[in-house]
Amino acid sequence: MATVVDRYGDAVVQAVIRRILVDGVPFRTAAADHDVAALDGVRIGTVATQVLRELNTDP
């Protein structure tokens, strides 16, 4: 994930995550909206949803 942040910057990665988690946009569409490679969009979306799922689990 650090590689993706280094490549596109914090603001772009945050915007893609917001489009995926808040707006419910598919990973590749969110990536294309911000000139991010489709594969990187899938990586961002996968990590974001996994982290959100972990945060929402009961300990």
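Numbers 48 to 106, taken from the numbering used here, label the letters of the sequence shown in order. Don't be surprised by glycine CBs; every beta carbon is placed ideally from N, CA and C.
- Under the three-state reduction of DSSP, Ala77 is assigned to helix.
- For Ala85, the number of other beta carbons within 10 angstroms of its own is below 16, and it is reported as exposed.
- If you draw a straight line from the Cα of His81 to the Cα of Ala49, it is about 18 Å long.
- Proximity to Gly56 across Ile91, Arg75 and Ile67 peaks at Ile91, based on C-alpha coordinates.
- Of Ala95, Ala62 and Thr93, the smallest CA-CA separation from Ala79 is found for Ala62.
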